[in-house]
Amino acid sequence: MNPEYIIPKDRVLPQAQDYEFLRQEGMKYIEKLGNKLWTDYNAHDPGITTLEVLAYVITELGYRSGFTVADLLTGKNGTIQNGSFFPADQIMVNAPLTETDYRKLLIDIEGVSNGWLLATKRTLNSQGYYQPNDNEKNIYIDKKDDKLSFSDTNSKGEKNAQLHIRGLNRVFIELDEDPVYGDLNATITEYEFLVENPEKWVQVTIIPPFTDWLDKQAQYVKEFLAVADLNVMVYVSGSNIVTLNITNNTTGNNLLFKVEAYDKNEIADIESYLSNDYKAILELFENKKAKADEIFDRTLIKLQSNRNLTEDFIEVNIVPSVMVSVCAKIELKPQSNPTDVMVAIHKAIYDVLNPGVSFYTLLQLAQQGYPTEDIFVGPRLEHGFLKDEEVIKSQLPTSIHSSDIIAAIMKIDGVQSVNNVLMTAYDTSGNAIAGKTNVSWCMPLPGDVRPTFNRKRSQLQLFQNGIPFLLSEDAQRNIDQQISIYKSFKTAQKLYNPAKDLPVPEGTYYQLGNYYSIQNDFPANYGLGKNKLPESVPQSRKAQVKQLQGYLYFFEQILADLFSQLYNAKELLNTTTLKDSYFTNYLGNTDGFYSEEVLTDELKAAFEATGVSGNAVYETQEQFYNRRNRALDHLIARFGESFNDYVFMMYQMQHENTGLGSMFIDNIELIEDKQNFLEAYPQISSNRAIPKNYTLKWPPNTYVAYSNYWNTFNIGGYAERAARLLGINTWPLQPSDYDNPKTYFILNVGNEAVRFDFVNPETQLPQKKRWANTNIADAANYDYKEENPGEVYAYLQYSGNDILKLDKKFSDSNEAAGFINKLIETLALPYEYFYCLEHILLRPFASMTQEEEPDNPNHLSDLLPVCLGDDCQGESGTDPYSFKASIVLPGWMGRFTNISFRKYAEKIFRQEAPAHVLLKICWVGTEDMTVFKKAYIDWCKSYNGFRIAETKKDYTDPVITKHLKNHRELIKIMGQLNNTYPPGHLYDCHSSEKSSPIILGNSVLGNL
1 MNPEYIIPKD RVLPQAQDYE FLRQEGMKYI EKLGNKLWTD YNAHDPGITT LEVLAYVITE
61 LGYRSGFTVA DLLTGKNGTI QNGSFFPADQ IMVNAPLTET DYRKLLIDIE GVSNGWLLAT
121 KRTLNSQGYY QPNDNEKNIY IDKKDDKLSF SDTNSKGEKN AQLHIRGLNR VFIELDEDPV
181 YGDLNATITE YEFLVENPEK WVQVTIIPPF TDWLDKQAQY VKEFLAVADL NVMVYVSGSN
241 IVTLNITNNT TGNNLLFKVE AYDKNEIADI ESYLSNDYKA ILELFENKKA KADEIFDRTL
301 IKLQSNRNLT EDFIEVNIVP SVMVSVCAKI ELKPQSNPTD VMVAIHKAIY DVLNPGVSFY
361 TLLQLAQQGY PTEDIFVGPR LEHGFLKDEE VIKSQLPTSI HSSDIIAAIM KIDGVQSVNN
421 VLMTAYDTSG NAIAGKTNVS WCMPLPGDVR PTFNRKRSQL QLFQNGIPFL LSEDAQRNID
481 QQISIYKSFK TAQKLYNPAK DLPVPEGTYY QLGNYYSIQN DFPANYGLGK NKLPESVPQS
541 RKAQVKQLQG YLYFFEQILA DLFSQLYNAK ELLNTTTLKD SYFTNYLGNT DGFYSEEVLT
601 DELKAAFEAT GVSGNAVYET QEQFYNRRNR ALDHLIARFG ESFNDYVFMM YQMQHENTGL
661 GSMFIDNIEL IEDKQNFLEA YPQISSNRAI PKNYTLKWPP NTYVAYSNYW NTFNIGGYAE
721 RAARLLGINT WPLQPSDYDN PKTYFILNVG NEAVRFDFVN PETQLPQKKR WANTNIADAA
781 NYDYKEENPG EVYAYLQYSG NDILKLDKKF SDSNEAAGFI NKLIETLALP YEYFYCLEHI
841 LLRPFASMTQ EEEPDNPNHL SDLLPVCLGD DCQGESGTDP YSFKASIVLP GWMGRFTNIS
901 FRKYAEKIFR QEAPAHVLLK ICWVGTEDMT VFKKAYIDWC KSYNGFRIAE TKKDYTDPVI
961 TKHLKNHREL IKIMGQLNNT YPPGHLYDCH SSEKSSPIIL GNSVLGNL
């Protein structure tokens, strides 16, 4: 049906742009309000003229308000710069959470063609759930002796149940084909070398003694290339096999390579080559291993920076493969080309066993009808976009069905029927796997291996009219070449520099705030605007004009402010710091406005008056705070977030305030908290389940000095989100200096550096510093002394003894006390911090052996404490590792001493953690924090190198022994942490209830 294009008879305008509508509405109000005094409503009446002029200018305001949002937000530079509007590839993506997300992340890594994350085994337990992956080291639950143990029997000789830690993921990757070294997934390598007499190329297959690159023997290759004392033996060990046996005479390490000849007649050439150039073989495998290691390092870095809270990776390796051969009898249709059909059959079987995954551009997916929210689902990728359905389809299978193979072959043009389909699986050594030979219907697989099509062992017989058709050698070679090319194209071909984001809307910049005085639109006889009265008119006539100008000023100011407010809407919807929420327009700068009597110096001064809240003409300071907060609340609410609980908590703290100086709700800081939260929202939203990356300084094959790790903001998405919701905007990890304490404090409060010097630092300096840390924010501990006339200093005292002296002079005690109160108030925020430590990182690893401590065979210092008694039944008591974390906070500092804030903080920590994560929140004292912080920092320093060595199975690395000591010390300290509570004081029934009540489980009893 062809659409009809018509021009409407009557104009259809928005009411704000419809002059006739506005004029009629104005007339209704005039008739309703002025009917007793106003009898002439004709066009010549001055009141009607004024109405018409105002209606006309309102249409201009309505017209400008109808501009697109892009136009309204475009700045003078012609671009949209706004801290609360984010592009799709920032706000719609998320850190990997599901197995599909992680697989996308792996496939996107340079050098990886496919990847798989196995969160569990593929077998079910007695309750019908998938079993967790095995720990690196077996742990047992010894209920008899109320502990965890490395022994499977208790002190009574009874069997202990095994503890399976959950949250441990296995990762397998498939590497891309290398143009020089071929298939990096396999250690078996195709190689060829040149023989001079007669000159020819000799092709061989080299089978090394190791089956994967993480094998200990694979590390010997580099060792053998670096030493000269080697024993090399080359001998023929079969009709087409030459053996290369190399031994390091110093260490006794041995490597035995089997070299298989393509042509049996070239055995002598191979033996001669290996005897003279055996190092070429070692260099070949060292270079090939280095290529694979480089991809492994990129994978490890990517995984550790995208690890989920309370989860870890126990294995990153090349995916194990199982070779599958297919035997079948295939009847061809008449006139079909057997060679083309055979190529199509091989491709079809390959696709069934290895479904392909392809990268797409943003335009391709949009043209295929994918909605934006589906295109950007999952992690942000560098090489294009992946389809969820393709990624899921290429999952490691748990079975192979012959019906799928038959269905794929039958779709080929030229195939008439498929009969007698049989499948056989082979291990990496080429031996048939028991129970998986000549399977006719369904071949089960463990779900953690990748099936590959073995063309050489397959027997695909072609028939035409019942007569077998045999392919020539040239045809078979042609088929092999086409299949090799097809396989290379089926791997995920990465796109480089693709468009990864939707284009940011572009608008046109307009001077929407410009206002042209309505005086210029009145008839000339009114003497307004540019139509000034001549000097010859009587003074009474001039006075009437000025009187009308004063009357019109009320309307003009409102209109001018509305235009200015529309122009500055882009500022209200931004996260930039503002001084005003009403944007006024002083009419003295407006073209066409003439009224010296109205624009007095007093009025101009009022418009230019500025304070904390900006122009005081329209809004007070409190009104500005209210309006700015509501605007930011609106921007935050677009993402389903709210700061209301935080504000209510701060109000409650204000009424319960004890010992926090003159603390009150600082609206400026509250506004800044909301602005900072909005600006960082893409990161703290998408990474909300990401913990701290303890391997941040992990470049390939190097151990970088850990000093650069401090004073960074690497606390993880979860902790950063919780911190911002608590109004904590500075959280750099800083090293402890309790071992070598300085003789002074320097506190950076705002833009001012405040210095405290210890009094008599030569005695008990560490103890003084610990006491000062706890009590520096308590105004009751300060004393003020006049040392010289007009020079008063503030001292922090303990039992009448001076501990710290503030390096600042005051004129009197009141000034000093006021400064200390303000200092305590500002200290409440900049020095708040916390640590989030995941228990799964403290699990025992395979490298932690029992031989190091023969007197402690069970190594209880390696294991977290548990409660296995009658009151602690269930996994929460028996498993201290799975999905558990500890939050450690300084309970003596600023707001952390307030019970209301503690309850709110605990709510935030638990609310923002994944639902399956159990948190232990510790508000510790200064002594506990001192020892914990030192143990935690030492653990962090060694964990980085330890994790590298553990992942690469380099158990001889000395960093493992060093980390084991720090590991045990941190576990011991964690078991000794105690909660501290603010002191309560008993004065009388009324004052104690209001200022510092005694609450069971929330107070420590102070002085009577």
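Residue numbers (this note's numbering): 1 to 1008. Here a beta-carbon is modelled for each residue, glycine too, at the ideal position from N, C-alpha and C.
Could you tell me which of the options sits nearest to residue i, measuring between CA atoms?
i           : options               : result
residue 496 : 17, 287, 384 and 81   : 384
residue 265 : 172, 277 and 242      : 242
residue 87  : 925, 784, 794 and 499 : 499
residue 519 : 510, 529 and 525      : 529
residue 904 : 643, 865 and 742      : 643
residue 183 : 292, 862 and 268      : 292
residue 647 : 475, 900 and 72       : 900
Which same chain residues end up closer than 6 Å to residue i when comparing Cβ atoms and leaving out the 5 residues on each side of it in sequence?
i            : result
residue 853  : Here the model assigns residue 853 a pLDDT of 49, short of 50, so the residue's position is not dependable, and the following value carries that caveat. Closer than 6 Å at Cβ, skipping near neighbours: no residue.
residue 845  : 136 and 950
residue 16   : 62
residue 13   : none
residue 20   : none
residue 320  : 449
residue 706  : Because the pLDDT at residue 706 is just 40, under 50, the model does not fix this residue reliably, and the point stays unresolved.
residue 355  : 393 and 394
residue 938  : 966
residue 631  : 572
residue 486  : 347
residue 426  : 323 and 432
residue 397  : 445
residue 457  : 325
residue 1051 : Outside the shown range of the chain, which is 1 to 1008, sits residue 1051, and nothing can be said about it.
Taking the alpha helix (DSSP H) that residue i belongs to, which residues open and close that run?
i           : result
residue 571 : 569 to 572
residue 149 : Run containing residue 149: none in the alpha helix (DSSP H); it sits in the beta strand (DSSP E), 147 to 149.
residue 120 : It is not in any alpha helix (DSSP H) - residue 120 instead sits in the beta strand (DSSP E) that spans 120 to 124.
residue 338 : 338 to 353
residue 294 : 278 to 304
residue 90  : 88 to 91
residue 862 : Unbroken run through residue 862: none, as it is neither H nor E.
residue 50  : 46 to 65
residue 756 : Looking at the DSSP string, residue 756 is not in any alpha helix (DSSP H); the run it does join, the beta strand (DSSP E), is 752 to 758.
residue 959 : 958 to 974
Return the first residue and the last residue of the beta strand (DSSP E) that residue i is part of.
i           : result
residue 489 : Run containing residue 489: none in the beta strand (DSSP E); it sits in the alpha helix (DSSP H), 473 to 490.
residue 243 : 241 to 248
residue 200 : 199 to 207
residue 328 : 321 to 332
residue 190 : 189 to 196
residue 70  : Premise fails: residue 70 lies in the alpha helix (DSSP H), 69 to 73, not in any beta strand (DSSP E).
Using a Cβ-Cβ cutoff of less than 7 Å, which residues in the same chain neighbour residue i once the five nearest sequence positions on both sides are dropped?
i           : result
residue 402 : 421, 423, 440 and 441
residue 152 : 140, 159 and 160
residue 739 : The predicted model places residue 739 with a pLDDT of 48, which falls under 50 and marks its position as unreliable, so this point remains unresolved.
What residues in its chain sit with their C-beta under 8 Å from that of residue i, if we drop five residues either side in the sequence?
i           : result
residue 545 : 526, 527, 528 and 533
residue 230 : 224, 246, 247, 248 and 249
Taking only runs of the beta strand (DSSP E) that begin and end inside the segment 876 to 929, which ones reach a length of at least 3 residues, in chain order? 884 to 890 and 918 to 924
Contact between the segment 229 to 246 and the segment 969 to 976 (3+ Cβ pairs under 8 Å): no
Given 8 Å, three or more beta-carbon pairs between the segment 323 to 335 and the segment 199 to 218: no
Is it the case that the segment 672 to 688 contacts the segment 90 to 98, given that we only count it when at least three CB pairs across the two stretches are under 8 Å? yes
At least three beta-carbon pairs within less than 8 Å, the segment 916 to 932 to the segment 881 to 889: yes
Measuring CB atoms only, is the segment 161 to 169 touching the segment 476 to 485, in the sense that at least three cross pairs come out at less than 8 Å? no
Closer than 8 Å is the cut-off here; do at least three beta carbon pairs connect the segment 99 to 116 with the segment 171 to 179? yes
Is the segment 396 to 415 close to the segment 527 to 547, with three or more CB pairs under 8 Å? no
Give the list of continuous beta strand (DSSP E) stretches no shorter than 3 residues that lie fully inside the segment 774 to 843. 782 to 788, 791 to 798, 801 to 806 and 835 to 838
For the pair the segment 713 to 721 and the segment 115 to 129, tell me if three or more CB-CB distances fall below 8 Å. no
Decide if the segment 254 to 264 is in contact with the segment 70 to 87; the criterion is three or more beta carbon pairs, one per stretch, under 8 Å apart. no
Meets three-Cβ-pair contact criterion under 8 Å: the segment 759 to 777 and the segment 785 to 801: yes
Could you name each continuous alpha helix (DSSP H) segment of 4 residues or more that falls completely within the segment 512 to 583, going from the start of the chain to the end? 539 to 567 and 569 to 572
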